[in-house]
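Protein chains in written order, with my numbering: chain C, 1 to 132; chain W, 1001 to 1136.
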Amino acid sequence: MQNDKQHLSLGPLRLQVDPTRAKTYALETGGDGLSTPLTYPAVWLAEPSLLEVIQDLCRSQDVIPVHESQSFFYSLELALGETYDLYVLLKRETDPSRLIIEARINTTTNKLVAKIETILRLVPHDILKVKA
Amino acid sequence: MNCAITLGEKLPEVIIGPFDTDALQGYADVSGDMNPLHLDETLAQSIGFSAPPVHGMKILAAFEPMLKNWRSELKIIALSGKFVQPILRGESVKLTGKVLRVSETEIFVRLFAHGPQRLPAIIGEARLRPQTEPSA
């Protein structure tokens, strides 16, 4: 793991496309459950080692993460039941206050499968309360 | 193959939702996105929403079946979206798309998700390619 004030890299996290979870995810999002949904890697954002970093950041700065944008770019398809390595780079920006999560999914033989970008706007708790 | 797709072609509209509490909980359970904003009525109201907002990813993900139903012979190689406005629990969403670029190897589609508000909830895009690319 490499860490500095504005960037944190995690990984590789070895993760599997769980067929049951992928099918449930597909059905919850209007799909047929016959293949891995393109957006399935969103579930890997909830991996404890990644989620803890995000939650700690939000707690320490008293901000709420608001999903601003999301992108998926595929070189290969994600196969049901297959195992992959997830590499994550978290980038903190201050103006505007955002957390950018860049992830790369590789096969276990280090072939690129997909690149993912998640942008979270970090909104101060106080501002949200004032708006109410 | 791409000649069958014309610039400006509109994808068939799809209506999804309205999503109830169980639907939001269902997405939270499978995705692991337990952000209380989507699940806690009191919290949502405390920051000015009349109901909890639907997970943006739940809506963005729904573009994939829409695109597949439109052209199952194409594979989607990229999907992205900017979450502009929240869709609240109980609101329906209209998904639309329009072909903005066509080449021999790739089709670019602009996507919109609209709730009841004037502004779109999501502005997105997708890139699709033939399952087997033409040889050089």
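Virtual Cβ for every residue (Gly too), placed ideally from N, Cα, C.
query, result
"The beta strand (DSSP E) spanning F1083 (chain W) covers which residue range?", "1074 to 1083"
"Between C58 (chain C) and P1036 (chain W), what straight-line distance do the alpha-carbon atoms span, to the nearest angstrom?", "14 angstroms"
"What do you reckon, is the C-beta of L10 (chain C) under 7 angstroms from a heavy atom of the ligand SAM?", "Of ligands this structure carries none, so the ligand SAM is not represented either."
"Under 8 angstroms between the Cβ atoms of E93 (chain C) and E117 (chain C)?", "no"
"Using 8 angstroms as the threshold, is the stretch 1021 to 1035 of chain W in touch with the stretch 1107 to 1120 of chain W, meaning 3 or more CB pairs across them?", "no"
"Assuming P1065 (chain W) is part of the alpha helix (DSSP H), what are its boundary residues?", "1063 to 1070"
"Is the CB of I1107 (chain W) under 8 angstroms away from at least one CB in chain C?", "no"
"By how many angstroms is the C-alpha of T29 (chain C) removed from the C-alpha of V43 (chain C)?", "13 angstroms"
"Tell me which same chain residues have a C-beta within less than 8 angstroms of the C-beta of S1135 (chain W), skipping the five on either side of it?", "Caution applies to S1135 (chain W), whose pLDDT of 46 falls short of 50 and renders its modelled position unreliable; the value that the coordinates give is listed next. Excluding residues within five positions, none has a Cβ falling inside 8 angstroms."
"Just curious, the alpha helix (DSSP H) that K91 (chain C) is in, first and last residue?", "Segment 83 to 94 is the beta strand (DSSP E) holding K91 (chain C); no alpha helix (DSSP H) there."
"Report the residue from C:D18, C:I54, C:P48 whose alpha carbon sits nearest the alpha carbon of Y40 (chain C).", "C:D18"
"Measuring CA to CA, which of C:T109, C:A114, C:N106, C:G31 is closest to M1066 (chain W)?", "C:G31"
"Any idea which residues DSSP pairs V1102 (chain W) with across the strands?", "W:I1107"
"Go to T20 (chain C), then tell me how far its beta strand (DSSP E) extends in each direction, as first and last residue.", "That residue, T20 (chain C), is in no beta strand (DSSP E); its alpha helix (DSSP H) goes 19 to 28."
"Please list, in chain order, the residues of the stretch 1069 to 1092 of chain W that have any C-beta partner in chain C closer than 7 angstroms.", "I1076, I1077, A1078, L1079, S1080, G1081, K1082, F1083"
"Can you find at least 3 beta carbon pairs, one from the stretch 105 to 116 of chain C and one from the stretch 56 to 76 of chain C, that sit closer than 8 angstroms?", "yes"
"Check whether chain W comes within 8 angstroms of S49 (chain C), counting only Cβ atoms and requiring the distance to be less than that.", "no"
"Grab the span of the alpha helix (DSSP H) containing Y1139 (chain W) for me, first residue to last.", "Residue 1139 (chain W) lies beyond the residue range present for chain W, which begins at 1001 and ends at 1136; the question has no answer from this structure."
"So, I1087 (chain W) versus I1059 (chain W), is the Cβ gap smaller than 8 angstroms?", "yes"
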